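Trainee: Right, I'll just put the structure down here and ask away after.
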Amino acid sequence: MTPSDPRYPDLISGNNLRWTASPDQVVLPRTTAQVVAAVQDAVTRGKRLSVCGGGHCFEDFVFNADVKININMSLMNAVSFDTAMNAFKIEGGATLLDVYEALYEGWGVTIPAGICHTVGVGGHILGGGYGNLSRQYGLTVDHLHAVEVVVVDAAGKARSVVAARDSSDTALRDLFWAHTGGGGGSFGIVTAYWFRTPGASGDPAGLLPKAPSKIFLTLANWPWEKVTKEGFSALVDYWGAWFEGNNTAGTTAGSLYSWLMLNHRDSGSLGAVVQLDASLPDAASVLSGFLAGLDQALGLHSATVRRDGVTDSQYTTTRLMPWLRGTRYIGAISPTQLDPTTRGCHKSAHLRKRTPQRQIDAMYTHLTSQDQPSPLTGIVLSASGGRIASVSSTATAVAQRDAIMKVNFESRWYTPADDAKNVGWVRTAFASVYGDTGGVPVPNDVTDGCYINYPDGDLSDPAFNKSSVPWHDLYWKQNYPRLQQVKRAWDPRDVFRHKQSVRLP
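Residues in the sequence shown are numbered from 1077 upward in steps of one, following my numbering.
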């Protein structure tokens, strides 16, 4: 597809309109052989290439001025059971909702992955994969069995290889490992993933986690006008302390998931989402206790009501619903996540402990600022821990296994004229919150670097990263040297690259 094709304008940008490209060609393959041919063509002609899955990359890794050939994987979206591999096969262009529906409706199973329906599995899995069931079942890559990858050798020849968790060849096992959190765009193009939980055997319905039959899903909303500085501080502290103290894998509390939406005051409210498998022991009681603590921290008291055994206040609404319905619903709670007309800026942090008071104070200052960023601006805390922490920090490429939360600083807006104001807010807030460590969340006892699936180009810029920790160690910590060795073995010509791809050693 060339610029004269009427489909071209829809395929040169993703879900963040800050980033666009003008490639000579967009390729929409339907088979692995066609991906190999497209990569070979790019290498032979010396054309810079990139690959697009769902188009949700926060940075310009996929769409930028240097890209001349973009390989769009969206037509390769099948989900099936591969009897030869004894694992579920997911093609590289599938989206998360494609996967959830196919796995659940076909076999009653799922993978613990993200909430946004249109996110592509391609980039999501490669960064580790994470979502509402991760405290209960682990990261997405904890259930990954194999990948099919189109790679380019030192002679410039493109080919596809299958690398599995149990490959007999060490180099293939290393390539598999690099795809368990090493991020997208560094080693090759993944055309297929196979999923099977390690140690699982027998019928397909027993090879992946069982999706909950029903879930409790709670939405909370607190008007900013009722929130004091003391209440805000107590809320953030309580939320973090709860997950710090309820972090044991296999328990009901260790499976409860939440994200806390610290929206800018101009939005009008703060919010939270809570999800819990309703079949777990004492689920209603555990959830009720967690919710009561949120209101109490804010100093807000109201009449309560019982819904499906859960105690709600006027600020919380809990619903008991089938899992797949809840998954479809929760992905649509924030329409801006699915809005392909927005522009965005994002930064991230992992925290190993509750948010320190100085950081909470800095958050409050910027969330109540008078500089009028977009109302779609704020800081989101997402619970981690539980089953995630049961895997060692080197077993996969994801190093931040004992973090209890992720922190996402974000802003979304609609017009280029507002770029500077909103990017500036995110940069200033992030630098202030982590001002004690050079403006970034360096690995230490409290913070633990950044999340590669929320990429941030500023981490490579000494104007913004004033710490002594380089960008790649913020993402991968001690795992980076091994990723570099995989890069040298499988992409020695650096065909697959972007501004924060794994570098050749």
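Glycine is no exception: its CB is placed at the ideal position from the N, C-alpha and C atoms. This one's a predicted model, so the numbers in the text were calculated from it and none came from an experiment.
Given Ala1310, which residues of its chain have a CB within under 8 Å of its CB, disregarding the five upstream and five downstream residues?
Mentor: Ala1373, Leu1374, Gly1375
Trainee: Rank Pro1357, Ala1254, Gly1260, Ala1360 by C-alpha distance to the C-alpha of Ala1475 and give the top, closest one.
Mentor: Nearest option by C-alpha distance: Ala1254.
Trainee: Trp1300 and Gly1330 - do their beta-carbons sit closer together than 7 Å?
Mentor: no
Trainee: For Val1237 and Ala1496, I'd like the C-alpha separation in whole angstroms.
Mentor: 44 Å
Trainee: Given this structure, state the Cα-to-Cα distance separating Arg1395 from Gln1212, to the nearest angstrom.
Mentor: 20 Å
Trainee: Do you know how far the Cα of Trp1318 is from the Cα of Phe1366?
Mentor: Phe1366 and Trp1318 have their C-alpha atoms some 8 Å from each other.
Trainee: Rounded to whole angstroms, what is the Cα-Cα separation between Ser1210 and Tyr1333?
Mentor: 8 Å
Trainee: If we call anything under 7 Å between Cβ atoms a contact, is Val1119 one with Gly1232?
Mentor: yes
Trainee: Taking contact to mean at least 3 C-beta pairs separated by less than 8 Å, is the segment 1485 to 1494 in contact with the segment 1418 to 1431?
Mentor: yes
Trainee: If you drop the 5 nearest sequence neighbours on each side, which residues of the same chain put their C-beta closer than 8 Å to that of Asp1549?
Mentor: Counting only Cβ-Cβ distances below 8 Å, and skipping sequence neighbours, we find Pro1519, Gly1525, Tyr1556.
Trainee: Quick one: any contact between the segment 1095 to 1104 and the segment 1136 to 1152, if contact means 3 or more CB pairs under 8 Å?
Mentor: yes
Trainee: Pick helix, strand or coil for Trp1335, following the three-state DSSP scheme.
Mentor: strand
Trainee: Taking the straight line between their C-alpha atoms, what separation do you get for Met1337 and Thr1246?
Mentor: Within the model, the alpha-carbon separation for Met1337 versus Thr1246 is close to 44 Å.
Trainee: What is the residue span of the beta strand (DSSP E) that Ala1296 lies within?
Mentor: 1290 to 1299
Trainee: For Glu1306, name the three-state secondary structure that DSSP assigns.
Mentor: helix
Trainee: Under 7 Å, Cβ to Cβ, is there at least one residue of chain C near Tyr1440?
Mentor: Included in the structure is just one protein chain, with no chain C present.
Trainee: For Gly1196 and Ala1268, which I take to be in contact (beta-carbon distance under 8 Å), what is that distance rounded to the nearest angstrom?
Mentor: Rounded, the Cβ-Cβ distance is 13 Å, inconsistent with contact.
Trainee: How should Val1456 be labelled, buried or exposed, when 16 other C-beta atoms within 10 angstroms of its C-beta is the threshold for buried?
Mentor: buried
Trainee: Sort Thr1523, Ala1141, Lys1165, Ser1244 by Cα distance to Pro1280 and report the nearest one.
Mentor: Lys1165
Trainee: Which whole-angstrom value describes the C-beta separation of Gly1257 and Met1481, a residue pair presumed to lie in contact below a C-beta threshold of 8 Å?
Mentor: Contact doesn't hold; Cβ gap of about 18 Å is too wide.
Trainee: Kindly indicate the opening and closing residues of the beta strand (DSSP E) around Thr1523.
Mentor: Premise fails: Thr1523 is in no beta strand (DSSP E) and is neither H nor E.
Trainee: Take the Cβ of Ser1460 as the centre, count every other Cβ of all protein chains shown within 10 Å, and call the residue buried at 16 or more, exposed below.
Mentor: buried
Trainee: Can you tell me which of Asp1342, Ala1368, Trp1566 puts its alpha carbon nearest to the alpha carbon of Thr1294?
Mentor: Ala1368
Trainee: Return the bridge partner residues of Gly1454 from the DSSP annotation.
Mentor: Asn1339, Glu1486
Trainee: Whole angstroms is fine: what's the gap from Trp1552's alpha carbon to Lys1302's?
Mentor: 41 Å
Trainee: Counting only the same chain and skipping the five closest in sequence on each side, list residues whose C-beta sits under 8 Å from that of Ala1565.
Mentor: Ala1247, Asp1250, Leu1251
Trainee: Excluding sequence positions up to five away, which residues of its chain have a Cβ less than 6 Å from the Cβ of Ala1465?
Mentor: Arg1477, Asp1478
Trainee: Compare the Cα-Cα distances from Tyr1530 to each of Ala1425, Ala1240, Tyr1176 and report the closest residue.
Mentor: Ala1425
Trainee: When you compare the CB positions of Gly1402 and Ile1528, do they come within less than 7 Å of one another, or not?
Mentor: No. Outside cutoff.
Trainee: Quick one: give me the first and last residue of the beta strand (DSSP E) that Gly1219 is part of.
Mentor: Note on identity: in this sequence residue 1219 is His, with Gly being the wrong assignment. Looking at the DSSP string, His1219 is not in any beta strand (DSSP E), and its letter there is neither H nor E.
Trainee: Name the two residues that bound the continuous alpha helix (DSSP H) containing Asp1250.
Mentor: 1246 to 1254
Trainee: In whole angstroms, what separates the C-alpha of Thr1392 from that of Asp1371?
Mentor: In this structure, the alpha-carbon of Thr1392 lies about 9 Å from that of Asp1371.
Trainee: Along the chain, where does the beta strand (DSSP E) containing Phe1157 start, and where does it finish?
Mentor: 1155 to 1158
Trainee: May I ask which residues mark the beginning and end of the beta strand (DSSP E) holding Glu1167?
Mentor: 1163 to 1167
Trainee: Here's a check: name, in chain order, each residue in its chain whose Cβ is nearer than 7 Å to the Cβ of Asp1358, leaving out the five neighbours to either side.
Mentor: Thr1328
Trainee: Please state the DSSP three-state secondary structure of Ala1240.
Mentor: strand
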